Amino acid sequence: MFGFVSNPATSVAYDPGAAVRDASTGAITVIDVRDGSELRATGKAKGALHVPLAALRMKADPSSPEQLPAFRSGKPVVLYCASGGRSQMAARMLRQMGLAEVYNLGGLADWQRAGGHVAR
Numbered sequence: 070m071f072g073f074v075s076n077p078a079t080s081v082a083y084d085p086g087a088a089v090r091d092a093s094t095g096a097i098t099v100i101d102v103r104d105g106s107e108l109r110a111t112g113k114a115k116g117a118l119h120v121p122l123a124a125l126r127m128k129a130d131p132s133s134p135e136q137l138p139a140f141r142s143g144k145p146v147v148l149y150c151a152s153g154g155r156s157q158m159a160a161r162m163l164r165q166m167g168l169a170e171v172y173n174l175g176g177l178a179d180w181q182r183a184g185g186h187v188a189r
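Following our numbering, the numbering of the sequence shown begins with 70 at its first residue and continues without gaps.
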């Protein structure tokens with residue numbers, strides 16, 4: 070059902086085509102971890118939440134009053150950034166915090182190449 074590929078040296082990757090499909094059905098939560106200026110310049114994946122990397126720990130922490138419902142939904146979380154580096158770091162951090170189903174999509178361009186739409 071889910072399109073993930075494991076690479077023990079890095080975070081678990083999520084196939085961009087599967088991400089586009091799964092996001093359209095609501096099966097996953099897609100999160101953009103880029104800075105606000107990047108988001109304003111290029112838009113974001115349609116339906117994605119914007120949680121900058123600097124705020125991610127607080128927004129995902131179950132003990133934080135600012136925890137987002139997306140991190141309580143039980144759905145797999147698929148992260149992306151500009152090229153995949155920050156989303157890989159974010160995925161590792163979230164797994165260290167105890168979230169089991171966290172994946173790295175890569176970059177926004179990977180989403181677009183797979184047919185995903187961008188909202189501006």
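Glycine included, C-beta positions come from ideal geometry on N, C-alpha and C.
Here the structure is a predicted model, which is why all the values come from computation and not from measurement.
Checklist entry - Grouping DSSP H, G and I as helix and E and B as strand, with all else coil, what is Leu125? => result helix
Checklist entry - What are the boundary residues of the beta strand (DSSP E) that Val99 is part of? => result 98-101
Checklist entry - Is Gly177 helix, strand or coil by DSSP? => result For the sequence presented, residue 177 should be read as Leu rather than Gly. Here Leu177 sits in helix by DSSP.
Checklist entry - What do you reckon, are the CB atoms on Asn173 and Ser152 nearer than 8 Å? => result no
Next on the checklist: For the beta strand (DSSP E) containing Val89, name the first residue and the last one.
Outcome noted: Per DSSP, Val89 belongs to no beta strand (DSSP E); it is in the alpha helix (DSSP H), 85-94.
Item to check | Range covered by the alpha helix (DSSP H) that runs through Leu163 | outcome: 154-165
Checklist entry - Are the beta-carbon atoms of Val147 and Val99 separated by less than 8 Å? => result yes
Checklist entry - In whole angstroms, what separates the C-alpha of Ser132 from that of Gln181? => result 35 Å
Checklist entry - What's the gap between the Cα of Leu137 and the Cα of Leu118? => result 10 Å
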